[in-house]
Every structure is written in structure tokens, then in C-alpha cells.
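Using my numbering, read the sequence shown as starting at 286 and increasing by one per residue. Each remark here refers to the structure printed beneath this line.
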Amino acid sequence: MTLSAIPDTDWRDVADRLAAEYADVPSGSVLRCVARAVHRARLDGLPPELVAGAGEAIARQLLELRRRSQATRVVPAPRRPVA
């Protein structure tokens, strides 16, 4: 399967929807997540017409995991000089 077999508008629509839905995540991170999800769907051997939908589902799962992990992340206190 080549990239030209997959319509560009499908990828752009998925990326736009997810960037709007996950506004708390930097848009570059959302785009990387979509790219990885699409790559995963292509590796699974899905036909071109199903890759965008499967990529969106995978990207949503990854973004939800990211959102949950950041909610529980502990930020360390700044270092204090030892007297």
C-alpha cells in the first residue's frame, strides 16, 4: 500500500478533529500521535479506506493515555541549596 492510495483529506480531517478535541495537548504532539497511529494501522495491513478510521481510534487511545498520565505526574520541588 502506498501513501498515495490513502486520501490526504482523511488524514487532515482526523488530525484537525483530534487537535480541537485535545486542545490541552500541544498540536505537534497530537500530529505525531496521529502519524504513529496511522503507521500502526498500515502495518496491521488494513485496506486504505479503513486506515484513517483505525488510525483515529488508535490515536484517541494514545491521547487518552497521555492525558491520564499527565494528570498523575508529580512535579518535583525546586532544589534548595544546602547550607
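Here a beta-carbon is modelled for each residue, glycine too, at the ideal position from N, C-alpha and C.
- Query: Any idea what DSSP makes of residue 330, helix, strand or coil?
  - Reply: Mapped onto the sequence shown, residue 330 falls at position 45. Here residue 330 sits in coil by DSSP.
- Task: For residue 352, name the three-state secondary structure that DSSP assigns.
- Result: The residue given as residue 352 occupies position 67 in the sequence shown. In this structure, residue 352 counts as helix in the three-state DSSP scheme.
- Taking buried to mean at least 16 other C-beta atoms within 10 Å of its own C-beta, is residue 349 buried or exposed? Residue 349 sits at position 64 when you count from the first residue of the sequence shown. With fewer than 16 Cβ atoms within 10 Å of its Cβ, residue 349 is classed as exposed.
- Item | Separation of residue 346 from residue 298, as counted between CA atoms | For the purposes of this step, residue 298 is identified with residue 13 of the sequence shown, where counting begins at 1. For the purposes of this step, residue 346 is identified with residue 61 of the sequence shown, where counting begins at 1. Straight-line Cα distance between these residues: approximately 17 Å.
- Query: Which of the three DSSP states, helix, strand or coil, is assigned to residue 345?
  - Reply: For the purposes of this step, residue 345 is taken as the residue at position 60 of the sequence shown. Helix.
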